[in-house]
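Q: All you need for the numbering used here is the position in the sequence shown, starting with 1, plus 119. We treat Cβ as the ideally placed atom computed from N, Cα and C, and that holds for glycine.
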Amino acid sequence: MQLRHLVIALALTASPTFAELRPEHQALMSRFAALRHECVNAGLKGPACDEAEGLARQLAAAGICHPAEQDPYYCKDKHAPAQDIGRFHEVANSAAIRPRIDRLIAGQDKWVDFVITKGGVEGPGRVRTIAGRPWRLYATCRQHACSDQAINMAVSPDNSTVYLYLHGTKQRPTLLGNPPDSVRSALIDMN
């Protein structure tokens, strides 16, 4: 059990920024907070801790939290407003990106296309400078199974290149699109 997630949840539920979260994320945070107490009372082991860890992964995939030393509030930088670059499903299903994704996921398990097409738990995208270029990074996961099946996506500044990273307890870690080392690291480090 990663205690940093417990600290983040407590900070989020006690913060006025909790009200800014989407209703489904508020529900996840509330459930997480309840499980946190149960987990601590059980000596940091047991089913409540396992469920809390799964919710922590789901929240992280939604972009709600970072390690405690960073700003956990929807991944906003305290010193600069977050740049709105869309969310995973909006970007992945856009006319510019979807054909590239279809080529990448050809031959993959059906859950991959289902999550990309039908939606899953997601958060706002983030911009990260990789090799001197501002790549956009997104994450999503299968609703109610975030720890089992998740997808990270990197999109180049001009939308010409897309890479995917499939991962989870029921998914062998798989990089799609043969990303260069710098992008590969960014995709994997999103977790």
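Could you tell me the boundaries of the beta strand (DSSP E) in which I204 lies?
A: Taken as a continuous stretch (DSSP letters only), I204 belongs to no beta strand (DSSP E), as it is neither H nor E.
Q: Looking at chain B, is there any beta carbon in it that lies within less than 8 Å of the beta carbon of Q227?
A: Protein chain content of the structure displayed is limited to a single chain, and chain B is not contained in it.
Q: Less than 8 Å separating the beta-carbons of I307 and L285?
A: For I307 and L285, no; Cβs fall outside 8 Å.
Q: Pairing CB atoms from the segment 204–220 with CB atoms from the segment 235–247, are three or more of them under 8 Å?
A: A contact exists between the segment 204–220 and the segment 235–247.
Q: Hey, quick one: how far does the beta strand (DSSP E) through R247 stretch, first residue to last?
A: R247 -> beta strand (DSSP E) spans 245–249.
Q: In three-state terms, what does DSSP make of C260?
A: Correct three-state label for C260: strand.
Q: Does D196 come out as helix, strand or coil in the three-state DSSP assignment?
A: The predicted model places D196 with a pLDDT of 37, which falls under 50 and marks its position as unreliable; any figure quoted below should be read in that light. Three-state DSSP puts D196 in coil, outside helix and strand.
Q: From the DSSP secondary-structure annotation, give me the bridge partner or partners of Q290.
A: DSSP, once it has assigned bridges, lists G287 as partnering Q290.
Q: According to the neighbour-count rule (16 or more other Cβ atoms, all chains shown, within 10 Å of its Cβ), is R219 buried or exposed?
A: Under this definition R219 is a buried residue.
Q: Which of helix, strand or coil does DSSP assign to P218?
A: Helix.
Q: Out of R291, G296, Q290, S266, state which residue places its alpha-carbon closest to the alpha-carbon of T280.
A: Checked all of R291, G296, Q290, S266; the closest Cα to T280 is G296.
Q: For A258, count the other beta carbons within 10 Å of its own beta carbon; 16 or more makes it buried, fewer makes it exposed. Which is it?
A: Buried, by the Cβ-count rule.
Q: With DSSP as the reference, label P142 as helix, strand or coil.
A: Three-state DSSP puts P142 in a helix.
Q: Taking the straight line between their C-alpha atoms, what separation do you get for A215 and V231?
A: Approximately 19 Å between the Cα atoms of the pair.
Q: For the putative contact between A273 and V302, defined by C-beta atoms under 8 Å, what is the C-beta separation to the nearest angstrom?
A: At roughly 5 Å, the Cβ-Cβ gap stays under 8 Å, so A273 and V302 are in contact.
Q: Run the CB neighbour count on S266, radius 10 Å, all protein chains shown included, and call it buried at 16 or more, exposed below.
A: The residue in question, S266, is buried, as its Cβ has 16 or more Cβ neighbours within 10 Å.
Q: Could you tell me if P166 is buried or exposed, where buried requires 16 or more neighbouring beta carbons within 10 angstroms of its beta carbon?
A: Exposed is the call here.
Q: Can you pull the DSSP bridge partners for I224?
A: Beta-bridge pairing links I224 to no other residue.
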